[in-house]
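Just so you know, the sequence shown maps onto residues 9 to 166 in this note's numbering.
Quick reminder that beta carbons are idealized off the backbone N, C-alpha and C, glycines included.
All values reported here derive from a predicted model rather than from experimental measurement.
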Amino acid sequence: MNIRRVRFDHPDAVKLNDEVQAEYHLRYGDGGDATPLDVSDFDPPQGAYLIAYDEHDHPVATGGWRSQDQSGEGTEDGDAELKRMFVIDRMRGQGLARRMLAALEEDARAAGRLRMVLETGTKQPEAIALYTSSGYEPCTGFGYYRDYEESRYFAKQL
9 MNIRRVRFDH
19 PDAVKLNDEV
29 QAEYHLRYGD
39 GGDATPLDVS
49 DFDPPQGAYL
59 IAYDEHDHPV
69 ATGGWRSQDQ
79 SGEGTEDGDA
89 ELKRMFVIDR
99 MRGQGLARRM
109 LAALEEDARA
119 AGRLRMVLET
129 GTKQPEAIAL
139 YTSSGYEPCT
149 GFGYYRDYEE
159 SRYFAKQL
């Protein structure tokens, strides 16, 4: 797996983002994640967006982080928020999500972030299993979905 940093508006990022949004819609029936995101949210040093490519240079996995600081809505100074973790269907079960997560954690740590935070949902049990097995623990809800019953929030010190 070859992991590359790209902008959030890179054609491969747009393609994978469309796929993850379609999956969110299938699972939740709500049109996908409505959290406001800006391309610049993932620009270094305040964030990063990564894509994993297979041996044929096809994009197969993605994820990003963006800086979050104390907002009065559950985030703390030094937080990095994980966004758009996704592995295409045919590549699942091979450890790509775990490798992408580790790369994002390392990148956020190198940028001086202190804690990785994320929101996922009850209809994504494989995501919850990945995060809890990677050292993430439940935390206070934050951001756009903080009042949604199906949302689950996790954090890990970097």
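- Residue 69 is bridged by DSSP to 60, 95.
- Assignment of residue 157 by DSSP, reduced to helix, strand and coil, places it in the coil class.
- Counting only residues of its own chain and dropping the five nearest sequence neighbours on each side, residue 10 has a CB closer than 6 Å to the CB of 61.
- Residue pairing by DSSP places residue 27 opposite no residue, since no beta bridge is assigned to it.
- In this structure residue 69 does not touch residue 125 by the C-beta definition: roughly 20 Å separates them, more than the 8 Å allowed.
- For residue 162, DSSP records a beta bridge to 126, 146.
- Per DSSP, residue 12 is one residue of the beta strand (DSSP E) stretching across 10 to 13.
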